[in-house]
Each structure stands twice: as structure tokens, then as C-alpha cells.
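Residue numbers (the numbering used here): 96 to 702.
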């Protein structure tokens, strides 16, 4: 069906309809534009959300992302960034493929519509002019006919009147003839104009208007097709990002499936493991001692000799008094006790005035550890350079981390030195490019930095070796290297030094007042349980290297020497051995090759 034949008389309605079609198109453009703004806003909010929950650099949050659950959450945040990026792609594609294209098309459509309706109005004006000409000629013809008729009647009247002169009759006759001629001329003109108007009107309604309306119809159909294509594009833009969004969601699911609760539990152990061992059993308190003192003022051991009930402390060695010194703090690998009496088979300390055991135990179980290092830190003091304020395992991790950082810095400085050296060689070969001497100062500065970093790394490696058990104690060189820190923080370091015992792993203990109590208690135990049987041998070992046991609780060995193993390594890097009945102590596990006897009886690990 054609608008030209069916709607030949609906020019104004077609004009309104085509304008409505353009308005619909502009409305759709506005809708898509607002959708793109929403997509951009949504993408921005998603990015801000992901950024808000990203771990901050050099913060505690960054350390938490070692756990698989936190890693999965971080992957989710990263995928949300990609997800937001796809919404930005939607906005960009809709803007370029729909909004911009349709806006340009609307402008072209308006121009085309304006041209067609201009031609239609022009045709209308032409036919209206023809109609006015026809009406004008018609009225003139009508007027001339009436004038001719009146002139004819006047002539006939004059001709019938005998009183009128012949000249007047002739004049009336001539005037009637003239009017008849004018009427004939008007008739001919009217006939010509009428014929012309009919032709123009036929052309107008059967040629011009149908052609114009046909073009308007085609224009309107193109508009409809174009808006349909835009709607398809609208859907395709969304469809194109669905696979990528699906991949983002798949990655989130994959990250969620990668969560390993066992691994996270192990990381908690690594993060908070102190390296200490739990305390031993609480010993039995004999409240009958005051009654026995009425019989004898001697020590508890005398009562045993008189056949009284015997106290049994589970075969604990003399150096195992740590559970009573500090809650949840076992001894370091080489027993570094407060008095010589704590060393197995060592010389006995002088007798001390005795107090009731229950009173002594209560003092140690209820007393609070007085660690000057921690108190100074709380007051704002600096952390010791060797991290001696930390438990052994945490200290080892901090030292290892520091060593790795220093090695990275050394590698960076070495790369810089190599680059400067290559540049200097280029300058030597091509003097016009630069002065080689100008790089000497920079090369010297980098070399000095490398040397400083190496010394620093050696210092921390020595501390690390001390903690890991490769060295028995801090070497004099390491002590000298840490002297700079000691000089900067004399009060804090002195307090730490006073509060720490000389144990190979550098662990911390109570202050001097508690240490004195430990000495007294250790002496009492030595006096009361001197008849304790030695630990049974659970195997043998062969010394791979010579070890000078300079610290209390250690024993010296010579390379190739064979000794008895009485307590195996509990994970702290030290093994307890015996040479004979009077000589036993700890040596680094890495210095000996152990041969355990699986059938040995009494092979126990003591705290």
C-alpha cells in the first residue's frame, strides 16, 4: 500500500506523524544515553568498592592476604575490577554504536523530511495559484456575460423606441457587439485556464503528491528499520560482554574453590608459633612437711631416708624448672639456667634458707613476668635490632625476612653498579658521549652501599644462624655489629640484657628479682632430689665438626668423637648428649650425626 494513493489528502497528518516518529527516535536516544551513564556510574561504584577493600601497602592487612580465604577475596576484588571494566565497555559501545550514530541519523532525517514537505507545500501553493487564476477568469467571464446581456437589452430597447435617433441606436448596437466580443474573449480565457487547471490538478494528485508521499513513506520506514537495528545493537552490546563477565564469575568461583582451610590453619601456626614447649605437670605438694619438721629440721630428702612417703617429680632433670618460672614458657634448647646447680651433674650451689614449697610455688605461679624490654617498648622505645624481644620462631621469621630484604637491596645495587660500569666503558670507547671520570664518584658510592648492605646482611645472618641452631650463641662479631643499635638505645638494650638469660636461642626470661627466686628454687630442688637417676641413652651420635661449648648447658665435642644421645632434637636445633656419667649437655643437631636405637627403653622427650 502506498501513502501517495491512499493518503493523497492527508498531508498535514503525515507531517505530524513523521514528526512524532523523529520524537520517538530522539526519546530512544535519550534512553540509551541514560543507560550508558548508569553503566559508567555502576562501573565507577564497583571500582571504588573494590579499591576500598584492597589491602593497603605496608600494612597489617597486606600480611593477612597470605591466607587462602583472603587471597580468594583479593581475587574477587580483582575480578570485580574486570567486571566493572565490562560495564564500561557496554557504555562505550552503546555510546559509539547507538547514541552517536542515531543522533547523526536524526539530523539527516530532519533534513530529508524538511525537503520532502517543502516540495509538498510548494506543489500545494502552485495548485492553489492555479485555482485562484481559474476562479478569477471564471468571475471575469461571468461579469462579461452579464455586461453583454445588459448591452443587448439596451440596444433592443433603443431600437424599438421611435423617438431615439438613428445615431443613438447605432451607438447602442456597437456597444452591444463590443460586450459580446468581450464575453467571448472571457469565455475563451476561462476555458483555457480551466483546461490548464485540470491538467495541473491531475498532475498534483496523481504525480507530484504521490511521489512526495512515497518518499516520505520510505523515509519513515527507514526510520523504523533503523530504530529496530539499534535495539538489536543494544542487545548485542550486552551479549558481547557476557562471555567475559562469565569468565570473571568463573574466576571468582575458582578462587573460592582454591580456599584451603588446612593451609590457612598451618599459616596460623607459622604466624604465631613461639617455638616454646608447654609446661610440665604441676608437682605434688606435701602439706605434711611442717609436721615432719617437728621431728627433724632437715630437708625433704632426710624424710625419705627415714622411710617416710617419697615425693616423685616424674624424673625431671634439675634444669627443668621453667614451668614454675613463667607460665607457658619451656626452657630453651641448651639449658641455660639461673644457677650452676641447674646444669646436670654440675657443682652444687650453697644451701639457702628453706621456705615452704607451696609458698614458693605460689609465688612463681602468680608472679607477673617483669620484662623491661617490653615495658620500654610500650613506653615508646625502639624494637631491638636483632628482634630479641620476640619468641624464637617469630624471631627467626623476622630475621629471615630482613635477610631476604637486604639481599634484594644488594642485588639492586649490584645491578646499578653493573649499569654504571657499562656506561663507563661506553664513555671510554666513545669520549664524545661523556666523561668517564664523572661516573667514578657514583661508582664509589654504589660500591660503598653494597659493602654496607653486605655487612648488615652478615650481621642478620649471624643472628639467624644463632636462632636456627647453626651457631651456639651470638658471636663477638655480631655483637660488635649490633653495637650501633646498643649505643642508640642504651637504656632499652641494657634492660633487655639484664632480663635475658644466656641461652643459645636468645629467648627472654624474667627480671633479676625473679631470677634470684629461680636460683633459690633450683637449689632447693638440687638438695631435695640429688639421688635422681640419669636419663637413659636412646642412641649414639658421631660428631661431624668440632664444637666449643662455651655457654652454660652446652658440651664441647671433637670431630669424629662418638657419644650417647639421651634426648633427641625437639625441633629447636639442639640435641642432648652424654660423654660419661659426669659430662652431658647440648650440642647443635647439625654438628652431629644421630643413630637412634628404636628398641631403647625410656626414650622420652622432656620439657
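Each residue gets a CB set at the ideal place from its N, CA and C atoms; glycine is no exception.
Beta-bridge analysis with DSSP links residue 672 to 660 and 680. Between residue 663 and residue 638, the C-beta gap is not smaller than 8 Å, which leaves the two residues out of contact. Counted as a single uninterrupted DSSP element, the beta strand (DSSP E) harbouring residue 688 occupies residues 687 to 691. In the structure shown, residue 327 falls within a helical segment according to DSSP collapsed to helix, strand and coil. Approximately 21 Å separates the beta-carbon atoms of residue 175 and residue 130; this is outside 8 Å, ruling out the contact. Put simply, the backbone Cα of residue 141 is about 49 Å away from that of residue 211.
Each residue's CA atom was taken as its position, placing residue 499 and residue 340 some 39 Å apart. For residue 634, no alpha helix (DSSP H) segment is defined; the enclosing uninterrupted segment is the beta strand (DSSP E) at 634 to 638. The way I'd put it, the region 492 to 506 does touch the region 546 to 556; three or more beta-carbon pairs between them come closer than 8 Å. With 16 or more other Cβ atoms from the protein chains shown falling within 10 Å of its own Cβ, residue 232 counts as buried. With fewer than 16 other Cβ atoms inside 10 Å of its own Cβ, residue 255 counts as exposed. The residues 281, in chain order, have a CB closer than 8 Å to that of residue 238 in the same chain once the five nearest residues on each side in sequence are set aside.
In this structure, residue 307 lies away from residue 123, with their beta-carbon atoms at least 8 Å apart. Out of 218, 270, 301 and 264, the CA that lies nearest to the CA of residue 101 is found in 301. Under DSSP, the beta-bridge partners assigned to residue 649 are 681. Contact check for residue 172 against residue 117 fails: the beta carbons are separated by 8 Å or more.
Beyond the five residues adjoining it in sequence on each side, residue 289 comes within less than 7 Å, by CB distance, of 229 in the same chain, given in chain order. Distance between residue 111 and residue 208, taken at the CA atoms: about 11 Å. Below 8 Å, too few C-beta pairs join the region 259 to 270 and the region 211 to 228 to call them touching: fewer than three. Out of 485, 535, 545 and 523, the CA that lies nearest to the CA of residue 503 is found in 545. Taking a 10 Å sphere around the C-beta of residue 297, we find fewer than 16 other C-beta atoms and assign the residue as exposed. Residue state for residue 555 is assigned as helix, using DSSP reduced to three classes. Ranking 164, 632 and 134 by CA distance to the CA of residue 350 puts 164 first. Taking C-beta separations shorter than 8 Å and ignoring five residues to either side along the sequence, the partners of residue 515 in its chain run 534, 537, 538 and 541, following chain order.
In the structure shown, the three-state DSSP call for residue 642 is strand. In this structure residue 501 is not in contact with residue 563, their Cβ atoms being roughly 17 Å apart against a cut-off of 8 Å. Distance from the CA of residue 149 to the CA of residue 139, rounded to the nearest whole angstrom, comes to 15 Å.
Judged by beta-carbon spacing, residue 635 lies beyond the 8 Å limit of residue 680, meaning their Cβ atoms are not closer than that value.
Closest in C-alpha terms to residue 676, from the list 669, 659, 359 and 684, comes 659. For residue 671 and residue 478, the gap between their C-alpha atoms comes out near 33 Å. Residue 383 carries a coil assignment under DSSP once its states are collapsed to helix, strand and coil. Exclusion of the five residues before and after residue 559 leaves 491, 494, 495 and 498 as the residues of its chain whose Cβ lies within less than 7 Å of its Cβ. Taking residue 179 as reference, the option from 251, 520, 145 and 644 with the minimal CA-CA separation is 145. Taking a 10 Å sphere around the C-beta of residue 198, we find fewer than 16 other C-beta atoms and assign the residue as exposed.
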